[in-house]
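Once you know that position 86 of the sequence shown is 365 in the numbering used here, the rest is easy, because the numbers rise by one and skip nothing. Cβ atoms here follow ideal geometry from the backbone N, Cα and C, with glycine treated the same way. Scroll down for the structure; my scribbles are underneath it.
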Amino acid sequence: MHYLIIGNGVAGTTAAGEIRKHDSAGEITIFSSEALPFYSRIRLVEYLAGDISDQDLVLFKKEWYESHSISLMLSSQVQSIEPQYSRIILADGSSRTYDRLLIASGGIPLIPKLDGVSLPFVLPLRTYEDARRIRAALPNCSAVTVLGGGLLGIETAEALRRTGKSVTVIETFPRLLPRQLDAAGAAILLEMLQKRGLTFVLPARAAGIVDAPHDRGIELEDGRFIKTEMVVLSAGMLPNVALAEALPIRHGRGIQVNDRLETETPRIYAAGDVAEHRGMTYGIWPAAEEQGRIAGVNMSGGKETYEGTLPATTLKVAGISLVSAGEIDPDGKHRSLVTSLPDRGVYRKIVVDGETVIGCILFGDMTGRKALLNAVAKKQHVNELDANIIELKG
Numbered sequence: 280m281h282y283l284i285i286g287n288g289v290a291g292t293t294a295a296g297e298i299r300k301h302d303s304a305g306e307i308t309i310f311s312s313e314a315l316p317f318y319s320r321i322r323l324v325e326y327l328a329g330d331i332s333d334q335d336l337v338l339f340k341k342e343w344y345e346s347h348s349i350s351l352m353l354s355s356q357v358q359s360i361e362p363q364y365s366r367i368i369l370a371d372g373s374s375r376t377y378d379r380l381l382i383a384s385g386g387i388p389l390i391p392k393l394d395g396v397s398l399p400f401v402l403p404l405r406t407y408e409d410a411r412r413i414r415a416a417l418p419n420c421s422a423v424t425v426l427g428g429g430l431l432g433i434e435t436a437e438a439l440r441r442t443g444k445s446v447t448v449i450e451t452f453p454r455l456l457p458r459q460l461d462a463a464g465a466a467i468l469l470e471m472l473q474k475r476g477l478t479f480v481l482p483a484r485a486a487g488i489v490d491a492p493h494d495r496g497i498e499l500e501d502g503r504f505i506k507t508e509m510v511v512l513s514a515g516m517l518p519n520v521a522l523a524e525a526l527p528i529r530h531g532r533g534i535q536v537n538d539r540l541e542t543e544t545p546r547i548y549a550a551g552d553v554a555e556h557r558g559m560t561y562g563i564w565p566a567a568e569e570q571g572r573i574a575g576v577n578m579s580g581g582k583e584t585y586e587g588t589l590p591a592t593t594l595k596v597a598g599i600s601l602v603s604a605g606e607i608d609p610d611g612k613h614r615s616l617v618t619s620l621p622d623r624g625v626y627r628k629i630v631v632d633g634e635t636v637i638g639c640i641l642f643g644d645m646t647g648r649k650a651l652l653n654a655v656a657k658k659q660h661v662n663e664l665d666a667n668i669i670e671l672k673g
């Protein structure tokens with residue numbers, strides 16, 4: 280049995296390991312367009328800050344692949360898939376045949392449609408190569424602007440600030456982390472980050488990026504001009520569906536899969552950030568890992584089903600902790616149990632529908648984290664929660 284996996288992120292690597300558990304003799308080959316083995320994208324901001332080396336990023340070194348009899352083809356770009364011949368075509372023109380194929384090509388940065396977005400000082404951050412380019416350019420600039428005030432944008436801005444740069448964040452929404460925080464929680468976060476030296480411009484929309492001798496920077500739609508020497512794009516991520524576009528494979532936002540992580544084309548599976556399951560694309564590590572595991576089981580003859588993943592996200596910036604899960608109810612449509620202690624940098628919110636826990640925000644205090652996430656996932660009754668979790672004392 281020949282198993283081919285496109286992508287060496289968490290979904291692809293997890294699938295390969297799972298296949299090997301169930302099939303000791305099959306040939307497993309992973310193709311990655313990147314130069315590093317499986318590494319932690321989460322730690323790229325630490326690499327940007329200079330806290331770790333590129334080898335510190337690597338989670339599975341070559342010995343892991345060797346011990347599992349997995350062939351890893353680095354810097355190998357898959358150009359196309361030809362399901363009628365059960366083969367893939369590489370950028371160098373060579374081909375490989377498969378019995379089972381997994382598309383785990385991950386995501387690509389969302390590049391705003393702006394004049395000047397292709398200028399050399401405008402850089403996305405998604406891969407190790409992106410981070411390496413940004414880090415190499417930092418000694419030549421003192422002011423950096425991050426486009427996007429989401430999780431990655433804030434983590435990136437804080438990492439760049441710690442390198443001694445003046446950092447500005449531009450966000451289109453009127454608050455930071457619009458998917459993870461309501462207005463009250465975001466206001467506390469904003470104040471804390473401003474005290475650390477970060478500058479925020481929000482709500483604001485970029486109109487274009489300019490490169491002139493004395494006016495390099497970003498023009499905003501309201502007429503303001505933000506001078507900067509580097510722009511880091513953090514406007515979001517899109518599933519990398521390029522390989523599916525020429526195939527008889529349904530794709531909307533991502534490549535559509537059933538509960539077994541199968542596409543509609545026989546013997547082709549998809550998992551991770553590229554996959555769309557029941558109308559959902561997740562873009563989070565736990566979902567990619569679980570999808571990779573189940574895809575690997577099923578590719579090697581198992582019969583497991585994927586039921587979805589609780590959309591929970593985590594931010595950890597220099598001692599600021601945030602966990603957000605389920606319905607955060609920013610518009611106040613549901614009843615919420617709120618503890619707000621701005622002077623301590625704490626904001627906690629438990630959202631209930633009737634008496635059922637449907638979402639939570641834990642900011643600055645992680646008391647009861649596991650219990651609350653479990654309550655959201657299992658839709659528990661709010662009275663089942665410990666009183667100390669619902670209302671902090673002191």
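Spatial neighbours of A523 within its chain, please: C-beta separation below 6 angstroms, excluding the five flanking residues on both sides.
Counted from its first residue, the sequence shown places residue 523 at position 244. Short of 6 angstroms from the beta carbon of A523, and not among the five residues preceding or following it, lie these beta carbons of its own chain, in chain order: H530 and I534.
In the DSSP assignment, find the beta strand (DSSP E) that holds I382 and state where it starts and stops.
Here residue 382 corresponds to residue number 103 of the sequence shown, with the count starting at 1. Taken as a continuous stretch (DSSP letters only), the beta strand (DSSP E) holding I382 covers R379 to I382.
Taking the alpha-carbon of L327 as reference, which of R405, L589, G487 and A485 has the nearest alpha-carbon?
Sequence index remark: in the sequence shown, residue 327 carries index 48 (1-based). Here the closest residue by C-alpha is R405.
State the beta-bridge partners of Y626 as determined by DSSP.
Residue numbering aside, residue 626 sits at position 347 when the sequence shown is read from its first letter. S619 and F642, per the DSSP bridge assignment.
With DSSP as the reference, please indicate the residues paired to M559 in a beta bridge.
The sequence position of residue 559 within the sequence shown is 280, counting from 1. According to DSSP, which records beta bridges pairwise, M559 is partnered with H556.
Take the Cβ of G673 as the centre, count every other Cβ of all protein chains shown within 10 Å, and call the residue buried at 16 or more, exposed below.
Position 394 of the sequence shown, counted from the first residue, corresponds to residue 673. Caution applies to G673, whose pLDDT of 46 falls short of 50 and renders its modelled position unreliable; the model cannot decide the point.
With a threshold of 16 other CB atoms inside 10 Å of the CB of K628, please say whether the residue is buried or exposed.
Within the sequence shown, numbered from 1, the residue matching residue 628 stands at position 349. Buried, because 16 or more other Cβ atoms sit within 10 Å of the Cβ of K628.
With DSSP run on the structure shown, which of helix, strand or coil describes K612?
By 1-based counting over the sequence shown, the position of residue 612 is 333. DSSP places K612 in coil when its eight states are reduced to three.
So the candidates are A567, F479, L499 and L517; which of them puts its Cα closest to the Cα of I488?
Counting from one through the sequence shown, the residue named residue 488 turns up at place 209. Residue L499 is the option with its Cα nearest to I488.
Apart from the five residues just before and just after E541, which ones in its own chain have a Cβ nearer than 6 angstroms to its Cβ?
As a first step, residue 541 is located in the sequence shown; it is residue number 262 there, counting from the start. So the list reads Y548, once near-sequence residues are dropped.
Have a look at the DSSP bridge pairing and note the partners of K506.
The sequence position of residue 506 within the sequence shown is 227, counting from 1. Bridge partners of K506: G496.
Relative to the ligand FMN, is the shortest distance from any of its heavy atoms to the C-beta of E500 smaller than 7 angstroms?
With respect to small molecules bound, the structure shown includes none, and the ligand FMN cannot be examined in it.
By DSSP, does P590 sit in helix, in strand, or in coil?
To locate residue 590, count along the sequence shown from 1; it is residue 311. Here P590 sits in coil by DSSP.
Taking only the alpha-carbon atoms, compute the straight-line gap between I390 and E663 and give it to the nearest angstrom.
Indexing the sequence shown from 1 puts residue 390 at position 111. Indexing the sequence shown from 1 puts residue 663 at position 384. Each residue's alpha carbon lies about 45 angstroms from the other.
Drop a sphere of 10 angstroms on the beta-carbon of G598, count the other beta-carbons inside from all chains shown, and report buried for 16 or more, exposed for fewer.
By one-based count along the sequence shown, residue 598 stands at place 319. By the 10 Å Cβ count, G598 comes out exposed.
Can you tell which of L283, E470, L426 and R484 has its C-alpha closest to the C-alpha of D622?
As a working note, residue 622 is residue 343 in the sequence shown. Checking every option, the nearest Cα to that of D622 belongs to E470.
Could you have a look at G286 and say whether DSSP puts it in helix, strand or coil?
Residue numbering aside, residue 286 sits at position 7 when the sequence shown is read from its first letter. G286: coil per DSSP, three-state reduction.
Can you give me the Cβ contacts of T593 inside the same chain, cut-off strictly under 6 angstroms, excluding the 5 residues immediately before and after it?
The residue labelled residue 593 in the question sits at position 314 within the sequence shown. Excluding positions up to five away in sequence, the list reads V602.
Thinking I331 and R322 are a contact (beta carbons under 8 angstroms), I'd like their distance in whole angstroms, please.
Looking up residue 331 in the sequence shown gives position 52. Looking up residue 322 in the sequence shown gives position 43. About 6 angstroms; that satisfies the 8 angstroms criterion.
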